[in-house]
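Residue numbers (the working numbering): 7 to 110.
Ideal Cβ positions, reconstructed from N, Cα and C, are used throughout, including at glycine.
Every value quoted in this text rests on a predicted model; they were computed, and no experiment measured them.
What follows is the structure, encoded as structure tokens:
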């Protein structure tokens, strides 16, 4: 009878411990909301001869400027204008700060 009560408690404790061990690190690594839509094209690793720039480690002010120009249509694009229109100024600032803090 004792083991019937102990086994579910142990299983719950292990499940909780495993979720706590991996959860916060992954959340921090993913960046702020919206950043994951950038990383698909602006790769984490350098891609030789790519026309799409890698933005990790760039100055936040540069990223903010480009995103706002894409969003307003001042900087012509096929894809970036549509993506940038989905972000407000606060989101752009948060994404830019996160990418600027990433290693080059």
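For residue j and residue i, believed in contact at Cβ under 8 Å, the rounded distance
i           : j           : result
residue 66  : residue 102 : 4 Å
residue 106 : residue 60  : Rounded, the Cβ-Cβ distance is 13 Å, inconsistent with contact.
Endpoints, the alpha helix (DSSP H) within which residue i is located
i          : result
residue 87 : 86 to 90
residue 78 : 66 to 78
Residue i in three-state terms, based on DSSP
i           : result
residue 93  : coil
residue 104 : helix
residue 42  : helix
residue 62  : coil
residue 53  : coil
Residues of its chain near residue i, where Cβ-Cβ distance is below 6 Å and the 5 sequence neighbours each way are ignored
i           : result
residue 100 : 38
Proximal residues to residue i (C-beta, below 8 Å), its chain only, five neighbours per side dropped
i          : result
residue 36 : 42
residue 88 : none
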